[in-house]
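According to our numbering, the sequence shown is numbered sequentially starting from 103.
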Amino acid sequence: MIEAPLALAFAAGLVATVNPCGFAMLPAYLSYFMGLNEAEGEERNPVRMALIVGGIVSLGFLLVFGLAGVLITAGFRVVIDLIPWLAIVIGVAVLALGIAMLFGYELTVGLPKAKEARRGRGYGSVFAFGASYAVASLSCTLPVFLTVVATQVTRGSFVSGVATFLAYGLGMALVLVGITVALALGKQAIVSKLRASARYINRISGSILVLAGLYIVWFWGTNLISGADALGSSGPFVIVERMSQWALATIGGNPLLWGIGLSGVIVLGIVVLAVQGRAKRERDAEPAEPVGSHGP
Numbered sequence: 103m104i105e106a107p108l109a110l111a112f113a114a115g116l117v118a119t120v121n122p123c124g125f126a127m128l129p130a131y132l133s134y135f136m137g138l139n140e141a142e143g144e145e146r147n148p149v150r151m152a153l154i155v156g157g158i159v160s161l162g163f164l165l166v167f168g169l170a171g172v173l174i175t176a177g178f179r180v181v182i183d184l185i186p187w188l189a190i191v192i193g194v195a196v197l198a199l200g201i202a203m204l205f206g207y208e209l210t211v212g213l214p215k216a217k218e219a220r221r222g223r224g225y226g227s228v229f230a231f232g233a234s235y236a237v238a239s240l241s242c243t244l245p246v247f248l249t250v251v252a253t254q255v256t257r258g259s260f261v262s263g264v265a266t267f268l269a270y271g272l273g274m275a276l277v278l279v280g281i282t283v284a285l286a287l288g289k290q291a292i293v294s295k296l297r298a299s300a301r302y303i304n305r306i307s308g309s310i311l312v313l314a315g316l317y318i319v320w321f322w323g324t325n326l327i328s329g330a331d332a333l334g335s336s337g338p339f340v341i342v343e344r345m346s347q348w349a350l351a352t353i354g355g356n357p358l359l360w361g362i363g364l365s366g367v368i369v370l371g372i373v374v375l376a377v378q379g380r381a382k383r384e385r386d387a388e389p390a391e392p393v394g395s396h397g398p
């Protein structure tokens, strides 16, 4: 039987990615993934990319929360004051990336062993995106994180604190990796049937990134200039907040069911990847047909 602190931390991790402050980063992240291409010369497999990219984004997200929790617990409250300014910088960066993609810029991600280093290649930018996602989410999610995880670390044993932190990370990672794999499976099916639509994916992703970046800059700029009360009556905030509250209620209402469902999606992605890999190995193992074997 799962202990109450672990179950609570797991549920808190599940809803960490759909908080009102950073909710715009969720479609931005999915659009970011949709616009990714693998490095030249590597086989393009959206499912493999989803598993790797989702894992790295989750790592960036979780490390930021862990670092912020440690600093605030140690007395460095200035971190809280810096969050709005960092979020605005992130919004501007997301906006700039979206505009670049609208004008034809393509993101590329290659394996760490790739010898040629080009702009945008490698998983460092993916990790940075996960960290940015976390920074944009800190104001809304950090109090829950500190209550659920940091309290257990300070009051319980070291082992129980680590276990609680891992439970939180598991819940958060399941959401990010699960929806990324689901998107990859859909992307793979769509692109394989409609090859002509592939060239539009980058611009669609760029458009969503522009909207997300504009919202993040507007949200945190308004929060700094006019205060949080000014956001309550604004149309964009009301729409996003309702969507976020619906997502929070949906996921938080039955975390165990969502955990099982997201795990099933990830397992399905791994199975699909394994089947595709086996089929490729079998094709590569087939002997090449000798030249001139068809006769004169």
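No residue lacks a Cβ here, since even glycine has one placed at the ideal position from N, Cα and C. Note that the structure is predicted; figures quoted are calculated from it, not measured.
Query	Result
In the segment 264 to 288, which residue ranges form an unbroken beta strand (DSSP E) of at least 3 residues, counting only runs that do not cross its ends?	none
Ordered along the chain, which non-local residues of its own chain (more than five positions away) have a Cβ less than 7 Å from that of G171?	F247, L248, V251, A252
Apply the 10 Å Cβ neighbour rule to A402 and answer buried if 16 or more other Cβ atoms are within range, or exposed otherwise.	Past the boundaries of the shown model lies residue 402; the chain is included only from 103 to 398, so the question cannot be answered.
If you check the beta carbons only, do L276 and M203 fall under 8 Å apart?	no
Might you give, ordered along the chain, the residues of its own chain that have their beta carbon closer than 7 Å to the beta carbon of N304, omitting 5 neighbours on each side?	G137, M203, E208
By alpha-carbon positions, which one of L153, S234, T282 ends up nearest to V191?	S234
On a Cα-Cα basis, can you pick out the residue from I353, P338, R344 that is closest to L313?	P338
Taking the Cβ atom as the reference point for each residue, do L364 and V149 lie within a distance shorter than 8 Å?	no
The alpha helix (DSSP H) spanning S328 covers which residue range?	Looking at the DSSP string, S328 is not in any alpha helix (DSSP H), and its letter there is neither H nor E.
Classify P60 as helix, strand or coil using the three-state DSSP reduction.	Outside the displayed span of the chain (103 to 398) sits residue 60, for which this structure offers no information.
If you drop the 5 nearest sequence neighbours on each side, which residues of the same chain put their C-beta closer than 6 Å to that of A152?	T282, V283, A286
To the nearest angstrom, report how far apart E144 and V340 are at their CA atoms.	Caution applies to E144, whose pLDDT of 48 falls short of 50 and renders its modelled position unreliable; the value that the coordinates give is listed next. Rounded to the nearest angstrom, the two C-alpha atoms are 44 Å apart.
Under the assumption that T119 contacts M274 (Cβ atoms under 8 Å), give the Cβ distance between them as a whole number of angstroms.	6 Å
At 4 residues or longer, and completely inside the segment 338 to 397: list those alpha helix (DSSP H) runs for me, N to C.	357 to 387
Taking just the CA atoms, how far does L359 sit from L375?	24 Å
Please report how far the alpha carbon of V166 lies from the alpha carbon of D386, in whole angstroms.	43 Å
Which of helix, strand or coil does DSSP assign to A113?	helix
CB I158 to CB F229, shorter than 8 Å?	yes
For G308, count neighbouring C-beta atoms within 10 Å of its own C-beta (all shown protein chains included) and say buried if the count is 16 or more, exposed if not.	buried
Could you tell me which of P107, G226, V181, P129 sits nearest to I306, measuring between CA atoms?	P129
With DSSP as the reference, label A176 as helix, strand or coil.	coil
Relative to the alpha-carbon of G156, which residue among F112, I368, R380 has its alpha-carbon at the smallest distance?	I368
Give the secondary structure of Y225 by DSSP, where H, G and I count as helix, E and B as strand, and everything else as coil.	coil
How big is the Cα-Cα spacing for A111 and A349?	18 Å
With a CB to CB cut of under 7 Å and the five nearest residues on each side skipped, what residues in its chain are close to V181?	A170, L173, I174
For A265 and W187, I'd like the C-alpha separation in whole angstroms.	32 Å
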